[in-house]
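Residue numbers (this note's numbering), protein chains in the order written: chain A, -13 to 364; chain B, 402 to 694. C-beta: ideal position from N, C-alpha, C; glycine also.
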């Protein structure tokens, strides 16, 4: 789970990383804070998507009137910004912007500090434009980041004197946050060097490893973490679900297989309404899965499975029971295979369904039913 | 000869008395796997399908010399179980749990690399040499999926593996050995690290990799082929070709950001070194036929 900038910055501050003075406010109650902001002011929308600058979600206002207009604009935009972090533009003067992050290196089996003297742009962009300027420091997962490494990095970044020492401290502290919060990524971009030599986190990004959510209950993802109500609702049930705007509902099992079916639908010219995976621990929950699918204006539900532990007969029976209970008005195309698949075929047939045994055939049939297909008729 | 496991490999089961552990122990033996002993703290003296259970791996090791350990414990106990197996000198370990914290995966991989062990997983179905033995959870009894043959398979998926492997069999081939490296962001063993074994295996004519968007394992395979170290035909199927950027689709290890880890880049890298990349599962069989004449 990704934290909001203001949440990440709160943690950075707690771990001794200097952050700019900021005021967080609700976008619909700007009037309450209007007098307390430091103008000219930078208004940073607190949304989880990346590339906020490009999307126009970080704005600059000279005065109260302008700020009020911009806040209203952000609030009523398609991003429906709810919270804004206001930072006084003249709090300090920026001399340079650096990039700093900590992440994992899966191949080397280490943590990795990544730094660059040219911050402000996305690291992927930096990797393309100036790969030689990116500095990498591998960190042993058991030793953690050592002071000499942080110090070395600061000097490699071209910093000197007290600024180098302050930067080394920031690097060490960022690693401490990364470690303490079971992060997959801790990033400061830009990391400001001020004209007076201070080192200040201009932004904050922290992504916590989803498997450790129980250890960090304060950051459990709420509704605003998801793009749609349906995705949020499915997540509460532990069912992987993604919302799209097509007319074929996928009710499949297995992350890789569901992703493949998604590709095949697109190949055939079909459009997916939702990606839903009810394999693994959810294979007995066909009814809940179907309820979620039926919230869409789909023309067909496509069920593709090839399970091992997720037995075909159990999934087929679950599907038949779900149909009996929910009485969907749209056709269901089934391709249920795997453990006990012969029994599954019988169960489906006895319920009046026509079991298909071939994924591509099932995909073509679903696309044909949806009527958007360029493929052959099923 | 097989990769990783064959009918002579002796196996220990950690977490043998649990529901999954017990169920799959029976099936592993059903395929011919030599299961020597099981471990569950507090359950020493019991038997599971005739297999003796011990309190600890060390206590089991007094009586049994296992080549490999199969771990069925929940994700939060998996790291401890892997270290316990390493502690007793076991150098082949399969961990199937989904949801092992990333930091612990890093620690496991680090330990495996430094101790010369091959740990496979997590979030995997495991390892199987059809007709001989398996460590994991495969429906080996479905002959149209796990027919013995001469194609090596490596995969990041579960259900999709069944799908693709069934296409390999449909095309007239069978499987020599299958290694499920798993769907996590930090698999303990990576695709390219298993290529030397497939290269050396006289029972493997070609290798199929079942990859997906995210990470860099497919690119590492391309790099390995480019270096001339793997010379057998290789066919890849990569899921998530049309996945929208930024959406978390597929396994934990599959998230595309900023144009890296995309299927398009992986396909390009593999095709540049002469590997064949299938767009659909069925095409894997067709490309194998083409490659093997």
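Discussion item. Within a Cβ cutoff of 6 Å, which residues of the same chain sit near residue 513(B), ignoring the five residues on either side of it in sequence?
Written reply: Counted from its first residue, the second chain places residue 513(B) at position 112. If we look at residue 513(B) and ignore the five residues flanking it on each side, its Cβ neighbours are 520 and 589.
Worksheet item: In the structure shown, what three-state DSSP assignment does residue 25(A) receive?
Response: The residue given as residue 25(A) occupies position 39 in the first chain. Correct three-state label for residue 25(A): coil.
Discussion item. Using only the alpha-carbon positions, how far apart do residue 0(A) and residue 159(A) sit?
Written reply: What you label residue 0(A) is simply residue 14 of the first chain in a count that begins at 1. What you label residue 159(A) is simply residue 173 of the first chain in a count that begins at 1. Rounded to whole angstroms, residue 0(A) to residue 159(A) spans 10 Å at the Cα level.
Discussion item. DSSP three-state label for residue 93(A), please.
Written reply: As a working mapping, residue 93(A) is identified with position 107 in the first chain. In this structure, residue 93(A) counts as coil in the three-state DSSP scheme.
Worksheet entry | Closer than 7 Å at the beta carbon, the chain A residues around residue 643(B) | Indexing the second chain from 1 puts residue 643(B) at position 242. Those are 248, 249 and 252, listed as they occur along chain A.
Item to complete: Grab the span of the beta strand (DSSP E) containing residue 638(B) for me, first residue to last.
Response: For this step, residue 638(B) is matched to residue 237 along the second chain. Unbroken beta strand (DSSP E) run through residue 638(B): 635 to 640.
Discussion item. Tell me the DSSP secondary structure of residue 649(B) in three-state form.
Written reply: If you number the second chain from 1, residue 649(B) lands on position 248. Note: residue 649(B) maps to coil in three-state DSSP.
Worksheet item: So what does DSSP say about residue 537(B), is it helix, strand or coil?
Response: The residue labelled residue 537(B) in the question sits at position 136 within the second chain. In this structure, residue 537(B) counts as strand in the three-state DSSP scheme.
Worksheet item: Does the distance from the C-beta atom of residue 406(B) to that of residue 586(B) stay below 9 Å?
Response: Position 5 of the second chain, counting from 1, holds the residue named residue 406(B). Position 185 of the second chain, counting from 1, holds the residue named residue 586(B). Going by C-beta atoms, residue 406(B) is not nearer than 9 Å to residue 586(B).
Fill in: residue 240(A) vs residue 559(B) beta-carbon contact at 9 Å
What you label residue 240(A) is simply residue 254 of the first chain in a count that begins at 1. What you label residue 559(B) is simply residue 158 of the second chain in a count that begins at 1. Cβ distance < 9 Å, so residue 240(A) and residue 559(B) count as in contact.
Practice prompt. Specify the secondary structure class of residue 455(B) as computed by DSSP and reduced to three states.
Written response: On the second chain, residue 455(B) is found 54 positions in, with the first residue counted as 1. Looking at residue 455(B) - three-state DSSP - the assignment turns out to be strand.
Worksheet item: Taking all protein chains shown into account, do 16 or more other C-beta atoms lie within 10 angstroms of the C-beta of residue 336(A), making it buried, or fewer, making it exposed?
Response: Position 350 of the first chain, counted from the first residue, corresponds to residue 336(A). Under this definition residue 336(A) is an exposed residue.
Practice prompt. Determine the chain B residues that contact residue 203(A) at a beta-carbon separation under 7 Å, and present them in chain order.
Written response: Here residue 203(A) refers to the residue found at position 217 of the first chain. None at all; the shortest Cβ gap to chain B is about 16 Å.
Worksheet item: Would you say residue 574(B) faces chain A, with C-beta separation under 9 Å as the test?
Response: Looking up residue 574(B) in the second chain gives position 173. Judged by the 9 Å Cβ criterion, residue 574(B) is not in contact with chain A.
Discussion item. Suppose contacts are defined by Cβ-Cβ distances below 9 Å. Is residue 225(A) in contact with residue 275(A) by that definition?
Written reply: Locating residue 225(A) in the first chain gives position 239, where the first residue counts as 1. Locating residue 275(A) in the first chain gives position 289, where the first residue counts as 1. Yes; because the gap between Cβ atoms is below 9 Å, this pair is in contact.
Discussion item. 9 Å is my cut-off, CB to CB: does residue -9(A) come that close to chain B?
Written reply: As a working mapping, residue -9(A) is identified with position 5 in the first chain. Not closer than 9 Å to any Cβ of chain B, the Cβ of residue -9(A) fails to qualify, so no.
Worksheet item: Apart from the five residues on each side of it in sequence, which residues of its chain come closer than 7 Å, Cβ to Cβ, to residue 311(A)?
Response: Your numbering for residue 311(A) matches position 325 in the first chain. These residues qualify, in order along the chain: 273.
Discussion item. In this structure, how does DSSP classify residue 85(A) when only helix, strand and coil are distinguished?
Written reply: The count along the first chain starts at 1 and reaches residue 85(A) at position 99. DSSP places residue 85(A) in strand when its eight states are reduced to three.
Practice prompt. Express the C-alpha separation of residue 178(A) and residue 145(A) in angstroms, rounding to a whole number.
Written response: To locate residue 145(A), count along the first chain from 1; it is residue 159. To locate residue 178(A), count along the first chain from 1; it is residue 192. Looking at the two C-alpha atoms, the distance is approximately 12 Å.
Worksheet item: So, is residue 510(B) buried or exposed, given that buried needs 16 or more other C-beta atoms within 10 angstroms?
Response: Stepping through the second chain from its first residue, residue 510(B) is reached at position 109. Residue 510(B) should be labelled buried.
Worksheet item: For residue 12(A), which beta-bridge partners are listed by DSSP?
Response: Locating residue 12(A) in the first chain gives position 26, counting from the first residue. Bridge partners of residue 12(A): 69(A).
Fill in: Spatial neighbours of residue 87(A) in its chain, beta-carbon cut-off 6 Å, leaving aside the 5 residues before and after
Locating residue 87(A) in the first chain gives position 101, where the first residue counts as 1. Cβ neighbours of residue 87(A) beyond the five flanking positions: 100 and 173.
Fill in: 7 Å Cβ shell around residue 3(A) - same chain, five flanking residues per side excluded
Within the first chain, numbered from 1, the residue matching residue 3(A) stands at position 17. These residues qualify, in order along the chain: 156, 159, 160 and 187.
Worksheet item: At least one CB of chain A closer than 9 Å to the CB of residue 627(B): is that the case?
Response: Against the second chain, residue 627(B) aligns to sequence position 226. Cβ-Cβ to chain A under 9 Å: no for residue 627(B).
Worksheet item: Excluding sequence positions up to five away, which residues of its chain have a Cβ less than 8 Å from the Cβ of residue 154(A)?
Response: Within the first chain, the letter at position 168 stands for residue 154(A). The answer, listed in chain order, is 133, 136, 137, 139 and 140.
Discussion item. Just checking: is the beta-carbon of residue 360(A) within a distance shorter than 9 Å of some beta-carbon in chain B?
Written reply: By one-based count along the first chain, residue 360(A) stands at place 374. Annotation note: pLDDT 43 at residue 360(A) (below 50); position unreliable, coordinate value reported separately. For residue 360(A), the answer is no, since every Cβ of chain B falls outside 9 Å of its Cβ.
Practice prompt. Could you name the residues of chain A that residue 517(B) contacts, counting a contact when the two beta carbons are closer than 7 Å?
Written response: By one-based count along the second chain, residue 517(B) stands at place 116. Those within 7 Å of residue 517(B) in chain A number zero; the least Cβ separation is about 14 Å.
Worksheet item: What separation, rounded to the nearest whole angstrom, lies between the Cα atoms of residue 246(A) and residue 347(A)?
Response: Reading the first chain from its first residue, position 260 is the one you call residue 246(A). Reading the first chain from its first residue, position 361 is the one you call residue 347(A). Cα to Cα, the separation comes out at about 14 Å.
Discussion item. Counting C-beta neighbours from all protein chains within 10 Å, is the total for residue 463(B) 16 or more, i.e. buried, or is it exposed?
Written reply: Residue numbering aside, residue 463(B) sits at position 62 when the second chain is read from its first letter. With fewer than 16 Cβ atoms within 10 Å of its Cβ, residue 463(B) is classed as exposed.
Fill in: Cα-Cα separation between residue 148(A) and residue 185(A), rounded to whole angstroms
Locating residue 148(A) in the first chain gives position 162, counting from the first residue. Locating residue 185(A) in the first chain gives position 199, counting from the first residue. Their Cα atoms are separated by approximately 10 Å.
Discussion item. On the CB-based measure, 16 or more other CB atoms within 10 Å of its CB, does residue 540(B) come out buried or exposed?
Written reply: The count along the second chain starts at 1 and reaches residue 540(B) at position 139. Residue 540(B) comes out buried.
Worksheet item: With a cut-off of 9 Å, does the C-beta of residue 415(B) fall near any C-beta of chain A?
Response: Here residue 415(B) is taken as the residue at index 14 of the second chain, counted from 1. Not one chain A Cβ lies under 9 Å of residue 415(B).
Discussion item. According to DSSP, residue 135(A) sits in a beta bridge with which residue or residues?
Written reply: The residue you call residue 135(A) lines up with position 149 of the first chain. Answer by DSSP bridge pairing: none, since residue 135(A) is not bridged.
Practice prompt. Give me the Cα-Cα distance between residue 119(A) and residue 649(B), rounded to the nearest whole angstrom.
Written response: Mapped onto the first chain, residue 119(A) falls at position 133. Mapped onto the second chain, residue 649(B) falls at position 248. Residue 119(A) and residue 649(B): Cα-Cα distance of roughly 30 Å.
Discussion item. Between the alpha carbons of residue 505(B) and residue 51(A), how many angstroms are there, rounded?
Written reply: As a first step, residue 505(B) must be located in the second chain, where it is residue number 104. As a first step, residue 51(A) must be located in the first chain, where it is residue number 65. Taking the straight line from one Cα to the other gives about 52 Å.
Discussion item. Strictly under 9 Å for the Cβ-Cβ distance: is residue 562(B) near chain A by that measure?
Written reply: On the second chain, position 161 is the one that residue 562(B) refers to. Closer than 9 Å to some Cβ of chain A, the Cβ of residue 562(B) qualifies, so yes.
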